[in-house]
Amino acid sequence: MHVVSREEMRNIDQYTITHIGLGGPVLMENAGRAVYAALEPECKAGDRICVVIGKGNNGGDGFVIARMLFDSGAKVSTWLAADPQKISGEAANHMRAYCACGGTLLRISDEPETFQQQLDRADWIIDALLGTGIHGAPYPADQQVIRWINASKGTVISVDLPSGVPANGEAFDHPAVLADQTMTLECPKLAQFMQPAARHFGTVRVLPIGIPNKAYQQVGVQRELRMRSDVVRTLPVRDPFSHKGNHGKGLLIAGSKNMPGAAFFSAKAALRSGIGLLKVSVPEVIQPILAAQLPETMYLPRVQVALDGASGVGIGPGLGRDAREEELVCRLVEESDTIPCVIDADGLFHLRNHLDLLPKRHKPAVLSPHPGEMALLTHSSVQDVERDRFGISKAFAEKYQVYLVLKGKATLVTAPDGRQIVNPTGNAAMAKGGSGDVLTGILLAFLLQHEQMMDAVSNAVYVHGAAAEELAAREHSLLDVLASDLIEAIPPVLHQLYDEKTCR
Ligand SMILES: NC(=O)C1=CN([C@@H]2O[C@H](COP(=O)(O)OP(=O)(O)OC[C@H]3O[C@@H](n4cnc5c(N)ncnc54)[C@H](O)[C@@H]3O)[C@@H](O)[C@H]2O)[C@@H](O)CC1
Ligand SMILES: [K+]
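Under UniProt numbering, think of the first position of the sequence shown as 1, with each following residue one higher.
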């Protein structure tokens, strides 16, 4: 499923209308119908529904929804936030169709008190005020309508976007609808994955409106939401005649005197994610503790680190910020240039002034920063990173020729050629020390077992998030999940995914 910007969505719509010949009224009819079909099973007989309509095409979708509700005998009141004379194009066609079917139109500016009373009494409010076409803050009259919608008690369903939210997710401080549910048309918009916009969406349902694939190809959308079916399709199939050497010989350089756990989390996660052989390089002082906890790995004293036949390297979790490690990190990034190399946490810290090593590698490295580390790498602030997650990731991945995993609520994976994949799994239980170390281990293991790096990285991020969801769905809460719990949730997640793979 594609993730689009405002401009891409407009171009996709335009291509569909002008080159494919599916006219705007058809798409609008499909959009309204899709929302009605999703809403209808949720509504009880006698529920009061208030449809709020703006002057653009988002309002046009609203007219279709209002017509279908009216025709079905629902208790619908249809309120217009604009002068009907100023409604044009396809929206005007659908306004006329609604009226020709016997529907009544009320103007908010004529009866603001009645509007507020009806909003207050409504069980459902359909927000078709503003969609992707808005520029800047909503006009003052629309802002007032948005405030009234937000003060109402009914369930707010936003059509395409919560009104007032900019589709590209730019930061804003004007009023915008706080939806209970957003029925996104055709494909998710960038705003759904950015702050503060994302908080306005409520739960999201994506409703297809019949745009053919050709339109996406022509517009050249390079962003996708990772679907479970993508993960199931691309997970590696284990050859029954394989041996441990076929599934990767990983070398993990992690842990320090004060952070032995990080090495443990990454190593165990890699083992739980299928790596064939794993060697962990830690300072000698912590080796006995780890060896007792994780007898499945081999150990290599930190002072003797050498690739020594490894087919993949993970560098950084709990490494510490001692200046001596900087030289080690740089050396390994250079020496491992033909094999997968994951760099995280303190590995990123040590690499921050040596990023020029990255584009020289034959095999692109994988960097997995959280927004704070990304700010460090780009000499910016966390706010700058969050303001433009998609743009900053793309520029960085292309410049340094890396796979970049920018962590966050919707972790974003960017390939060296600029392709991007948004991860849908995960929850706030992962907001705890150690979670990132687990991801490093899954990344390392998956990179050594998948054919395509983008699949390996995207699947690792997906499984990591799915492990947190698995825990929260069963005996855990969002508060109590530990990194070690995440690791133990990898098996049921993989079990389920492979079950789905064999069922197909
Ligand atoms: N053919 C198409 O393009 C389709 C569009 N669809 C719907 O159309 C929406 C986009 O429609 P539009 O581009 O007409 O725009 P919107 O309906 O999002 O509304 C914006 C309208 O208000 C005006 N406006 C601009 N800035 C404003 C501001 N700051 N405050 C208030 N009004 C402002 C715009 O000129 C436009 O008329 C989508 O979100 C989707 O719901 C769907 O019906 C599918 C087909
Ligand atoms: K809307």
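Cβ coordinates follow ideal geometry from the N, Cα and C atoms, glycine included.
Item: Output the distance between the C-alpha atoms of residue 88 and residue 68, rounded to the nearest integer angstrom.; Value: 21 Å
Item: For residue 84, which three-state DSSP category applies?; Value: helix
Item: Less than 8 Å between the CB atoms is what I'm expecting for residue 265 and residue 493, so what's the real figure, rounded?; Value: Actually they do not touch by this definition, with Cβ atoms about 16 Å apart.
Item: Spatial neighbours of residue 63 within its chain, please: CB distance less than 6 Å, with the 5 preceding and 5 following residues excluded, ordered by chain position.; Value: 94, 95 and 98
Item: Evaluate residue 479 with the Cβ neighbour count: other Cβ atoms within 10 Å of its Cβ, from every protein chain shown; 16 or more gives buried, anything less gives exposed.; Value: exposed
Item: Can you list the residues near ligand 2, meaning Cβ strictly closer than 6 Å to any non-hydrogen atom, in the order they appear in the chain?; Value: 58, 127, 128, 129, 130, 131, 158, 159, 160, 161 and 163
Item: Thinking C-beta only, is residue 435 closer than 8 Å to residue 506?; Value: Only positions 1 to 504 of the chain appear in the structure, and residue 506 is not among them; the question remains open.
Item: Can you tell me which of 53, 360 and 150 puts its alpha carbon nearest to the alpha carbon of residue 105?; Value: 53
Item: Given that a residue counts as buried once 16 or more other Cβ atoms are within 10 Å of its Cβ, and exposed if not, what is residue 193?; Value: buried
Item: Three-state secondary structure (DSSP) at residue 195?; Value: coil
Item: DSSP on residue 209, reduced to helix/strand/coil?; Value: coil
Item: For residue 313, which option in 27, 251 and 284 has the closest C-alpha, if you only look at C-alpha atoms?; Value: 251
Item: Taking only runs of the alpha helix (DSSP H) that begin and end inside the segment 322-409, which ones reach a length of at least 4 residues, in chain order?; Value: 324-335, 346-351, 371-378, 382-387 and 389-400
Item: Using a 10 Å radius around the Cβ and a threshold of 16 neighbouring Cβ atoms, would you call residue 181 buried or exposed?; Value: buried
Item: Alpha carbons only, please: which of 414, 361 and 10 is nearest the one belonging to residue 390?; Value: 414
Item: Among residues of its own chain, excluding the 5 on either side of residue 148, which ones have a beta-carbon nearer than 8 Å to its beta-carbon?; Value: 115, 116 and 119
Item: Considering only C-alpha positions, which residue in the set 340, 360, 320 and 491 is nearest to residue 349?; Value: 320
Item: For residue 203, I'd like the list of residues in its chain whose CB is within less than 7 Å of its CB, leaving aside the five on either flank, ordered along the chain.; Value: 181
Item: Measuring CB atoms only, is the segment 293-306 touching the segment 355-367, in the sense that at least three cross pairs come out at less than 8 Å?; Value: no
Item: Look at residue 300 and residue 279 and say whether their C-beta atoms are less than 8 Å apart.; Value: yes
Item: Short of 6 Å in beta carbon distance, which residues of its chain neighbour residue 359, apart from the five on each side in sequence? Order them along the chain.; Value: 400 and 401
Item: Identify every residue that forms a DSSP beta bridge with residue 53.; Value: 80 and 128
Item: Threshold first: 4 residues or longer. Then list the alpha helix (DSSP H) segments lying entirely within the segment 11-40, N to C.; Value: 24-39
Item: Can you check DSSP and say which residues form a bridge with residue 224?; Value: 2 and 421
Item: Check whether the segment 444-464 and the segment 402-412 touch, using three or more Cβ-Cβ pairs below 8 Å as the test.; Value: yes
Item: Out of curiosity, what's the CA-to-CA distance linking residue 388 and residue 170?; Value: 8 Å
Item: Measure from the alpha carbon of residue 110 to the alpha carbon of each residue in 262, 83 and 44, then state which is nearest.; Value: 83
Item: State the Cα-Cα distance for the pair residue 240 and residue 445, rounded to the nearest angstrom.; Value: 18 Å
Item: Skipping 5 residues on each side, what residues in its chain have a beta carbon closer than 7 Å to that of residue 335?; Value: 307
Item: Have a look at 468, 461, 465 and 234 and flag the residue whose alpha-carbon is nearest the alpha-carbon of residue 498.; Value: 234
Item: Kindly say whether residue 37, judged by its beta-carbon, lies nearer than 8 Å to any beta-carbon of chain D.; Value: Looking for chain D here will not work: only one protein chain is present.
Item: Using CA coordinates, which residue listed in 256, 289 and 271 is at the minimum distance from residue 316?; Value: 256
Item: Out of 40, 112 and 26, which has the shortest C-alpha to C-alpha gap to residue 57?; Value: 26
Item: Is residue 354 near ligand 1, judged by its Cβ being under 7 Å from some heavy atom?; Value: no
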